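> For the sequence shown, UniProt numbering begins at 1 and goes up steadily by one.
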Amino acid sequence: MRVDLSACRYESVRTTFEKMRGWKVVERHRNRKRGGKDCPVEVERGGGLRIDYDLYWTDRSLTRTRFMRLLPHQMANHFPEMHELCCKSFLASNLSAMRKLHPDQYDFFPDSWILPDDYKDFSRECRRQGGGQGKGDLFIVKPERGCQGKGIFLTRTAGHESIKQSLWSLGKILVAQRYVNNTLLIDGYKFDLRLYALVTCCDPLRVYVYREGLARFCTEPFDPVAFVGNENRLPEGWAYTHLTNSSLNKGNEKFRHSPDDADPGVGSKRRISGVLEMLRGQGIDVEKLWERLEDLVVKAIISAQPLLAHHHRLHQPKDRFGDRCFEILGADVLLDSDMKPWLLELNHSPSYHCEGVVDSGIKRPLLQEAMRIIGPSIAQRAAARAHVANQESLEPAAGEGGACVGEASTEKLLAKMRSSVAHGIGVQSADRNATMQELAD
Ligand code: ADP
Numbered sequence: 001m002r003v004d005l006s007a008c009r010y011e012s013v014r015t016t017f018e019k020m021r022g023w024k025v026v027e028r029h030r031n032r033k034r035g036g037k038d039c040p041v042e043v044e045r046g047g048g049l050r051i052d053y054d055l056y057w058t059d060r061s062l063t064r065t066r067f068m069r070l071l072p073h074q075m076a077n078h079f080p081e082m083h084e085l086c087c088k089s090f091l092a093s094n095l096s097a098m099r100k101l102h103p104d105q106y107d108f109f110p111d112s113w114i115l116p117d118d119y120k121d122f123s124r125e126c127r128r129q130g131g132g133q134g135k136g137d138l139f140i141v142k143p144e145r146g147c148q149g150k151g152i153f154l155t156r157t158a159g160h161e162s163i164k165q166s167l168w169s170l171g172k173i174l175v176a177q178r179y180v181n182n183t184l185l186i187d188g189y190k191f192d193l194r195l196y197a198l199v200t201c202c203d204p205l206r207v208y209v210y211r212e213g214l215a216r217f218c219t220e221p222f223d224p225v226a227f228v229g230n231e232n233r234l235p236e237g238w239a240y241t242h243l244t245n246s247s248l249n250k251g252n253e254k255f256r257h258s259p260d261d262a263d264p265g266v267g268s269k270r271r272i273s274g275v276l277e278m279l280r281g282q283g284i285d286v287e288k289l290w291e292r293l294e295d296l297v298v299k300a301i302i303s304a305q306p307l308l309a310h311h312h313r314l315h316q317p318k319d320r321f322g323d324r325c326f327e328i329l330g331a332d333v334l335l336d337s338d339m340k341p342w343l344l345e346l347n348h349s350p351s352y353h354c355e356g357v358v359d360s361g362i363k364r365p366l367l368q369e370a371m372r373i374i375g376p377s378i379a380q381r382a383a384a385r386a387h388v389a390n391q392e393s394l395e396p397a398a399g400e401g402g403a404c405v406g407e408a409s410t411e412k413l414l415a416k417m418r419s420s421v422a423h424g425i426g427v428q429s430a431d432r433n434a435t436m437q438e439l440a441d
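1) Below 8 Å, can you find three or more Cβ-Cβ pairs linking the region 99-117 to the region 288-308?
2) Please go through the same chain and pick out, in chain order, the residues whose beta-carbon is closer than 6 Å to the beta-carbon of Lys269, but skip the five residues on each side of it.
3) Based on the DSSP secondary-structure assignment, which residues constitute the bridge partners of Asn347?
4) Let me know the alpha helix (DSSP H) ranges lying completely inside the region 215-291, each 4 residues or longer, listed in chain order.
5) Under the assumption that Leu198 contacts Tyr179 (Cβ atoms under 8 Å), give the Cβ distance between them as a whole number of angstroms.
6) Under the three-state reduction of DSSP, which class applies to Cys8: helix, strand or coil?
7) When you compare only the Cα positions, how much space is there between Lys340 and Arg313?
8) Out of Met278, Ser349, Arg145, which has the shortest C-alpha to C-alpha gap to Cys8?
9) Can you check DSSP and say which residues form a bridge with Asp203?
10) When burial is assigned at 16 or more other CB atoms within 10 Å of the CB, is Asn249 buried or exposed?
11) Quick check: does the Cβ of Tyr179 come within less than 8 Å of any heavy atom belonging to ligand 1?
12) Does the region 190-197 come into contact with the region 330-344, if we say contact requires no fewer than three beta-carbon pairs (one atom in each stretch) closer than 8 Å?
13) Helix, strand or coil for Gly136 per DSSP?
14) Taking its Cβ as the centre, do 16 or more other Cβ atoms sit within 10 Å of Asn181, making it buried, or is it exposed?
15) Would you decide whether Arg21 is buried or exposed? Buried here means 16 or more other CB atoms lie within 10 Å of its CB.
16) If the criterion is Cβ atoms closer than 9 Å, does the pair Phe139 and Ala176 meet it?
17) Would Pro204 and Leu167 be called neighbours here (beta carbons separated by less than 9 Å)?
18) Excluding five sequence neighbours on each side, which residues of the same chain lie with their C-beta closer than 6 Å to the C-beta of Asn94?
19) Say yes only if the C-beta of Ile140 is nearer than 8 Å to one or more non-hydrogen atoms of ligand 1, and no if none qualify.
20) Spatial neighbours of Leu5 within its chain, please: C-beta separation below 6 Å, excluding the five flanking residues on both sides.
21) Is the beta carbon of Ala382 less than 9 Å from the beta carbon of Asp54?
22) Could you spell out where the alpha helix (DSSP H) holding Ile163 opens and where it closes?
23) Are Cys202 and Asp323 close, meaning C-beta to C-beta below 9 Å?
24) In the DSSP assignment, find the beta strand (DSSP E) that holds Thr155 and state where it starts and stops.
25) Please classify Asp118 as buried or exposed, where buried requires at least 16 other C-beta atoms within 10 Å of its C-beta.
26) Return yes when the C-beta of Glu81 is under 8 Å from any heavy atom of ligand 1, and no when it is not.
27) Hey, would you say Gly361 sits closer than 9 Å to Arg271, going by beta carbons?
28) Would you kindly work out how many angstroms separate the C-alpha atoms of Arg60 and Arg145, rounded to a whole number?
29) Taking DSSP as the reference, what is the three-state secondary structure of Gln316?
30) Expressed to the nearest angstrom, what Euclidean distance is found between the alpha-carbon atoms of His257 and Gly356?
31) Given this structure, state the Cα-to-Cα distance separating Leu343 from Leu91, to the nearest angstrom.
32) Throw me the rounded Cβ distance for the Glu327 and His78 pair, which I believe falls under 8 Å.
33) Rounded C-beta distance between Glu220 and Gly237? I'm assuming under 8 Å.
34) Between Asp336 and the rest of its own chain, which residues show a CB-CB distance below 8 Å, the 5 nearest in sequence each way excluded?
35) Could you spell out the range, first to last residue, of the beta strand (DSSP E) harbouring Thr58?
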């Protein structure tokens, strides 16, 4: 099987595929540099040369055009229109809609306001909480498509300069969120969890949650009352106290790589399993906590399932093999002092940079495990390729199956998921690295 990594910047992805049996890496630019010798090309219908690959892997999102141009034997590592889950404003609006329908089920996302649209409500909430006098609740404000903590600030008032600016700048959308103040601390430091989920099919929805992940720590001790007064000017270094992004905390000289990935007590990035063991030692029911984490990830994905299924069907070339996409999602979750998990965001291209033993001990096995699950579908397509290539299945099926899956099926999914999680249905391997657990089918 061939994977096209022309649009992938991660060396760890490249080396993982190179080491996996049955895979060959092909890259447009690299191979061109090498004289194009080991780059077999095929003529696509309608002209044009393209690399022959079975899996298209990109760090970016998958455009509809790219998706529609996939040949019948080819798969991609994203679903089209994943912004429904991975753009902060879309996620907030999908989860808020679900919360209206199922308030008890969707209570894991901090209250959020999309600015400027929800400015009035947000402003009212700030006043209600006594904002303006520097006493109210704290809110965190993020650019809707930001990443790595860029452009984020904290405020207690809707009158913050950057918010006012966003009211007048076309297309500058912000998401204001209630700040989780009672965050769980370890040794006085705030941390969040990076969980990984593999979506192999959006209709019916099939999700696997990886039994490992990262715990990412701030590099300055947490101070919940640091922000009193004029939040237009945040104290220097505030981000190292309040934002857990590793990319950001690396800028602090106090950032530490763990010398040993099995040691849960040291380093700015640790294994989730190690941190959970530490919590178990403090009497926390870790199994129950993990169930809640899985529950939250799957429910978040369910919130956009009808939309994902709709887009997938709308743009899918006629295809006898069903789903031709998968997605490895990175979910950022904060635990509060009552051990309640809060979902902060979902990432469609979680970082595969391996900068230390913890990163490589988690991200490479994650990729291998994902390919172990998805590989057979790709192999099946590759094997059937000769048969399918000449058929008329290259035409996009415009309008086919374009109907949106309604509320009824969302209800069904939730009901099914509840019973599946409750009864612990799922595949789980004894191997430490083979730890994807299937949760929704
Ligand atoms: P980005 O995509 O820029 O990383 P996130 O939504 O992940 O944006 O937020 C960055 C960091 O800010 C998180 O990792 C977390 O530490 C902190 N954070 C985000 N939202 C909240 C919140 N509602 N309450 C407390 N901390 C938050």
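Even for Gly, the Cβ is constructed at its ideal location relative to N, Cα and C. Since we're looking at a predicted model, the values are computed, not measured.
On the basis of the data shown:
1) Enough Cβ pairs lie closer than 8 Å, so yes.
2) For the purposes of this step, residue 269 is taken as the residue at position 269 of the sequence shown. The answer, listed in chain order, is Leu214, Arg216, Ser246, Val358.
3) Numbered from its first residue, the sequence shown carries residue 347 at position 347. In DSSP, Asn347 forms a bridge with Gly330.
4) Qualifying alpha helix (DSSP H) stretches, in chain order: 239-242, 246-249, 272-281.
5) Residue numbering aside, residue 198 sits at position 198 when the sequence shown is read from its first letter. Residue numbering aside, residue 179 sits at position 179 when the sequence shown is read from its first letter. That pair is no contact at about 31 Å.
6) As a working mapping, residue 8 is identified with position 8 in the sequence shown. Coil, per DSSP.
7) The residue you call residue 340 lines up with position 340 of the sequence shown. The residue you call residue 313 lines up with position 313 of the sequence shown. So the two alpha carbons sit approximately 36 Å from each other.
8) Within the sequence shown, the letter at position 8 stands for residue 8. Nearest option by C-alpha distance: Ser349.
9) Taking the first residue of the sequence shown as position 1, residue 203 is located at position 203. Listed as beta-bridge partners of Asp203 by DSSP are no residues whatsoever.
10) Translated into positions along the sequence shown, residue 249 becomes position 249. Buried, since its Cβ has 16 or more Cβ neighbours within 10 Å.
11) Here residue 179 corresponds to residue number 179 of the sequence shown, with the count starting at 1. For ligand 1, at least one heavy atom lies less than 8 Å from the Cβ of Tyr179.
12) yes
13) Start at 1 with the first residue of the sequence shown, and residue 136 comes out as number 136. Coil, per DSSP.
14) As a first step, residue 181 is located in the sequence shown; it is residue number 181 there, counting from the start. So Asn181 ends up on the exposed side.
15) Counted from its first residue, the sequence shown places residue 21 at position 21. Looking at its Cβ environment, which holds fewer than 16 other Cβ atoms inside 10 Å, Arg21 is exposed.
16) One-based indexing of the sequence shown puts residue 139 at position 139. One-based indexing of the sequence shown puts residue 176 at position 176. Yes. Within cutoff.
17) Taking the sequence shown and counting its residues from 1, one reaches residue 204 at position 204. Taking the sequence shown and counting its residues from 1, one reaches residue 167 at position 167. Taking 9 Å as the Cβ cut-off, Pro204 and Leu167 do not qualify as a contacting pair.
18) Working through the sequence shown from its first residue, we reach residue 94 at position 94. Take Asn94, set aside five residues on each side of it, and the residues of its chain with a beta-carbon closer than 6 Å to its own are Ser303, Ala304, in chain order.
19) On the sequence shown, position 140 is the one that residue 140 refers to. Checking every heavy atom of ligand 1 against the Cβ of Ile140, one is found closer than 8 Å.
20) Here residue 5 refers to the residue found at position 5 when the sequence shown is read from its first residue. Around Leu5: Arg14, Val25, Glu27, Trp57.
21) What you label residue 382 is simply residue 382 of the sequence shown in a count that begins at 1. What you label residue 54 is simply residue 54 of the sequence shown in a count that begins at 1. In contact: Ala382 and Asp54 (Cβ atoms closer than 9 Å).
22) Indexing the sequence shown from 1 puts residue 163 at position 163. 161-168 is the span of the alpha helix (DSSP H), which, as asked, contains Ile163.
23) Locating residue 202 in the sequence shown gives position 202, counting from the first residue. Locating residue 323 in the sequence shown gives position 323, counting from the first residue. For Cys202 and Asp323, yes; Cβs fall inside 9 Å.
24) In the sequence shown, the residue the question calls residue 155 occupies position 155. In the DSSP annotation of this structure, the continuous segment of the beta strand (DSSP E) that includes Thr155 starts and ends at 153-155.
25) One-based indexing of the sequence shown puts residue 118 at position 118. Buried is the call here.
26) Mapped onto the sequence shown, residue 81 falls at position 81. Taking non-hydrogen atoms of ligand 1 into account, the C-beta of Glu81 is found less than 8 Å away from none of them.
27) As a position in the sequence shown, residue 361 is number 361, starting the count at 1. As a position in the sequence shown, residue 271 is number 271, starting the count at 1. For Gly361 and Arg271, yes; Cβs fall inside 9 Å.
28) If you number the sequence shown from 1, residue 60 lands on position 60. If you number the sequence shown from 1, residue 145 lands on position 145. Rounded to whole angstroms, Arg60 to Arg145 spans 13 Å at the Cα level.
29) As a position in the sequence shown, residue 316 is number 316, starting the count at 1. Here Gln316 sits in coil by DSSP.
30) Stepping through the sequence shown from its first residue, residue 257 is reached at position 257. Stepping through the sequence shown from its first residue, residue 356 is reached at position 356. In a straight line, the C-alpha of His257 is about 6 Å away from that of Gly356.
31) Taking the first residue of the sequence shown as position 1, residue 343 is located at position 343. Taking the first residue of the sequence shown as position 1, residue 91 is located at position 91. Going from the Cα of Leu343 to the Cα of Leu91 covers about 10 Å.
32) Stepping through the sequence shown from its first residue, residue 327 is reached at position 327. Stepping through the sequence shown from its first residue, residue 78 is reached at position 78. Right, the Cβ-Cβ distance comes to about 6 Å (below 8 Å), so this counts as a contact.
33) Position 220 of the sequence shown, counting from 1, holds the residue named residue 220. Position 237 of the sequence shown, counting from 1, holds the residue named residue 237. Right, the Cβ-Cβ distance comes to about 6 Å (below 8 Å), so this counts as a contact.
34) In the sequence shown, residue 336 corresponds to position 336, counting from 1. Cβ neighbours of Asp336 beyond the five flanking positions: Val180, Asn182, Thr183, Leu184, Trp342.
35) The residue you call residue 58 lines up with position 58 of the sequence shown. Looking at the DSSP string, the run of the beta strand (DSSP E) that includes Thr58 is 55-58.
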